[in-house]
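The sequence shown runs 9 to 426 under my numbering.
The block underneath contains the structure these notes are about, expressed in structure tokens.
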Amino acid sequence: MLLGAIADDFTGASDLANTLAKGGMATTQFVGVPATEAAAGCEAGVVALKTRSIAPEDAVTQSLEAADWLKAQGCEQFLFKYCSTFDSTPQGNIGPVAEALLDRLGADLAVICPVFPATGRRLFMGHLFVGEKLLSESGMEKHPLTPMTDPNIRRWLRLQTRGEVGLITLDTVRAGPAALTEAFEAERKKGVRLVVTDAVADSDLMTLGVAITGHRLVTGGSGIALGLPQNFRRAGKLVGKSNAKAAAKGPAVVLCGSCSTASQRQVAAYLKAHPGLALDPAKLMDGSMSVDKAAAWVAAQDGAAPIVYSTADPVSVAGAQQSFGREEIAAKVEHFFAGLVRRLVDSGVRRVVVGGGETSGAVVEALGITNMSIGEEIDPGVPVLVAERNGPLGLALKSGNFGADDFFEKAVERIGTA
Ligand code: ADP
């Protein structure tokens, strides 16, 4: 393994793995820190953690455990991936984890760059923008867990760190890799270990990628990974073929527990050509709908790639939450999808498309999947995933608002054949 990444959440890990696979690296996504060695031939490994909103000391412990495992796999470079909106609080977890990783890896300096131009996240003079708006006016200031009330990333990060935080601005980035290397050296001489670095376009990330070639630790959003595969390729270290082949063969099912506006459109589009079972949370609660009944319904659809969905409009969701409790209903629905997917895969389904971040987590956990190879991209940020479960099992895991209206149809086709 050449590049080892630690992601602070699950769908962010897929997004990063997708970027690395597109860049030509044979990439595997791991669910938590694996208990066994990585398979030979894996060039980039992404360990998906859920450390964004837990206590800083727990985030540090888990991240170091992941780093130790990646180190044992022979990685030359390490990447700490967080959200491109820099989701964190004055306590962490980006600062504490980054400093702990520097210490553990024996590195003296790491770049901080949450930039992801494709989704409008750009950094100028150390200030983070979402589209035309400053981060703190983008809606992120009202985030329930990590309200981002300061767009000045250097100042915000300094609240979380022991050491000083540096800044390299866009003019230096645009002056090219040599100027950037010099600027990093100047920060290093000052004893600064974390350096916020501007970028507003993919080309800036490519320049930055060259300048951080030898950096033991790199940190950022998935955009920071754009410039990394080229370094390994230039050094002749990449074998060549990257994406896992869509090898899954067999019946398909779509399971959607996401109620986002994109998911509502995607479910409606898919229902035009496929049978669907709408899951009424009230029926789950009173026991009149069950995994048994849903599994029997799927079996009766005879290869038509049916969809089972709890997707509902905000008014229905609010109604169900009011009647049964927000957490109770979510747990019940997730538990249902977990039980259903296990039953379906055990009875021969080989292609599973899932809508919803939490729902995806429940599905992957229920199937006992510990690692997945990254295949071709279906829509931006959502790749085909191939897991091993009595033969290749094709998956697509889509978080809330990702994907075009025809996402489910495309995903079913791209992850394998009937
Ligand atoms: P997204 O990625 O769109 O946020 P998630 O799967 O992460 O989707 O979250 C959706 C949450 O809503 C899950 O916990 C799911 O169990 C719950 N849920 C799904 N359908 C309903 C519904 N009809 N009513 C209430 N809660 C629901």
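Yeah, the Cβ is synthetic: ideal placement off N, Cα and C, and Gly gets one too.
Each residue's CA atom was taken as its position, placing V371 and A320 some 19 Å apart.
Rounded to the nearest whole angstrom, the CA to CA distance from S381 to T35 is 6 Å. Not one heavy atom of the ligand ADP lies closer than 7 Å to the C-beta of V299.
Those residues that have a beta carbon less than 5 Å away from any non-hydrogen atom of the ligand ADP are, in order along the chain, G265, S266, S268, P289, S318, A320, V325, A328, I337, A338, V341, E342, G364, G365, E366, T367, S407, G408. For R129, the pairing in a beta bridge is given by DSSP as F124, V138. Minimum Cα-Cα distance from A290 among the listed residues V275, R170, Q330, P322 corresponds to Q330. A direct Cα-to-Cα measurement between F416 and K257 gives close to 17 Å.
With 16 or more other Cβ atoms from the protein chains shown falling within 10 Å of its own Cβ, G174 counts as buried.
Cβ-Cβ separation between V261 and V360: approximately 6 Å, consistent with a contact (criterion under 8 Å). DSSP, read as helix, strand or coil, puts F410 in coil. In the three-state reduction of the DSSP assignment, G389 falls in the coil class. With a 10 Å radius around the Cβ and a threshold of 16 neighbouring Cβ atoms, V247 comes out exposed. Listed in chain order, the beta strand (DSSP E) elements of length 3 or more contained wholly in the stretch 282-330 are 284-286, 315-317. Along the stretch 28-98, the beta strand (DSSP E) occurs as fully enclosed runs of 3 or more residues at 35-39, 52-56, 85-89, listed in sequence order. Excluding the 5 residues flanking it on each side, R162 has same chain C-beta neighbours closer than 7 Å at G134, V173, L175, V204, in chain order.
Between the alpha carbons of T97 and G128 lies a gap of roughly 22 Å.
Only residues of its own chain outside the window of five on either side were considered, and among them A260, H282, V420 have a CB closer than 6 Å to the CB of A313, listed in chain order.
Taking the C-beta atoms as reference points, A52 is found nearer than 8 Å to L10. Sixteen is the threshold: when 16 or more other Cβ atoms of the shown chains lie within 10 Å of the Cβ of Q274, as they do, the residue is buried. The three-state secondary structure of N398, taken from DSSP, is coil. The continuous stretches of beta strand (DSSP E) do not include I161, which lies in the alpha helix (DSSP H) extending over residues 161-166.
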